[in-house]
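Participant:
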Amino acid sequence: MTILADNTLRQDSSLEILWQTLCVNLTDIAQRYPNAALASSLAAEDMVLTHAILSRSLPLAIFTLDTGRLHTETLDVIEAITQRYGQRIEIWKPEAEVVRAHVQAHGTHAFYESVALRKACCNMRKVEPLKRALQGRGAWITGQRREQSITRDHLPLEEDDAVFGLYKFNPLAYWRHEDVWEAIRYFGIPYNALHDKGYPSIGCEPCTRAIKPGEDLRAGRWWWESSDSKECGLHAGNLEKV
Numbered sequence: 060m061t062i063l064a065d066n067t068l069r070q071d072s073s074l075e076i077l078w079q080t081l082c083v084n085l086t087d088i089a090q091r092y093p094n095a096a097l098a099s100s101l102a103a104e105d106m107v108l109t110h111a112i113l114s115r116s117l118p119l120a121i122f123t124l125d126t127g128r129l130h131t132e133t134l135d136v137i138e139a140i141t142q143r144y145g146q147r148i149e150i151w152k153p154e155a156e157v158v159r160a161h162v163q164a165h166g167t168h169a170f171y172e173s174v175a176l177r178k179a180c181c182n183m184r185k186v187e188p189l190k191r192a193l194q195g196r197g198a199w200i201t202g203q204r205r206e207q208s209i210t211r212d213h214l215p216l217e218e219d220d221a222v223f224g225l226y227k228f229n230p231l232a233y234w235r236h237e238d239v240w241e242a243i244r245y246f247g248i249p250y251n252a253l254h255d256k257g258y259p260s261i262g263c264e265p266c267t268r269a270i271k272p273g274e275d276l277r278a279g280r281w282w283w284e285s286s287d288s289k290e291c292g293l294h295a296g297n298l299e300k301v
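For the sequence shown, the working numbering gives the first residue as 60, with consecutive numbering after it.
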């Protein structure tokens, strides 16, 4: 776990404008949807949103999905949030019996065999727990950015999410990779140590690798698949826009 030294935000910087806009947007979301929640993958983008929410005591819930296959470094971020902000985030897990039955039927690493089996794994480990976490809520917040992949190239700041039947906000949609890391360094936001090892996008351990120089930011996710299918089901609506 890495925590950089805190600094004062430069005046009149592009980051200052981005940050102020982000905080205004999150405040607006909390007013429009008091029961909205951030679905955090514990990646860099979500840690920027977590810092904005908790440092300003915004009335927005934060939860993460523990799929049972996460890196140790990713799980360490949960404790880092508690230590830094004095608050615990919600943790949602898949149904153990469903996972056990799938593994018995298809094997431990069936997701390598086909897109269908990979999506089935994502569905039971991520989509189904997300549905439970979002039950009763009017909106949810994500850390998606347009720059991340071809499937997110047309990502709006807010949208109707037909997949889960509620409203969805992507407040970092227009942020660049550099903007995210400038914010992390300025505010000393804790982040996943794997980011320092070449992992710009982090998911389950067997489905994530470090990227090579010049590769797309999400090239390390499901690297054996075509780039236009790289969504786990949490953001399945993105595929319709490719």
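For each residue, glycine too, the CB sits at the ideal point set by N, CA and C.
Using CA coordinates, which residue listed in SER73, GLN79 and ARG91 is at the minimum distance from TRP199?
Facilitator: ARG91
Participant: Measuring alpha carbon to alpha carbon, tell me which residue in PRO93, CYS82 and ARG277 is nearest GLY257.
Facilitator: When only C-alpha atoms are compared, the closest one is ARG277.
Participant: Assuming PRO188 contacts LYS152 (C-beta within less than 8 Å), just tell me the rounded distance between them.
Facilitator: 6 Å
Participant: Could you check if ALA177 is buried or exposed, using at least 16 other CB atoms within 10 Å of its CB as the buried criterion?
Facilitator: First, the residue type needs correcting, since residue 177 is Arg and not Ala in the sequence shown. Answer is buried; the Cβ neighbour count reaches 16.
Participant: Is the beta carbon of LEU77 less than 8 Å from the beta carbon of ALA111?
Facilitator: no
Participant: Going by C-alpha distance, which of ALA98, TYR233, MET106 and THR86 is nearest PRO340?
Facilitator: Outside the displayed span of the chain (60 to 301) sits residue 340, for which this structure offers no information.
Participant: What do you reckon, are the CB atoms on ARG211 and ARG205 nearer than 8 Å?
Facilitator: yes
Participant: Per DSSP, which residues does GLU217 bridge with? Please list them.
Facilitator: PHE228
Participant: When we look at the beta-carbon of PRO249 and count the other beta-carbons within 10 Å, is it buried (16 or more) or exposed?
Facilitator: buried
Participant: Less than 8 Å between the CB atoms is what I'm expecting for GLU132 and LEU214, so what's the real figure, rounded?
Facilitator: With a contact defined as Cβ atoms closer than 8 Å, GLU132 and LEU214 miss out at about 27 Å.
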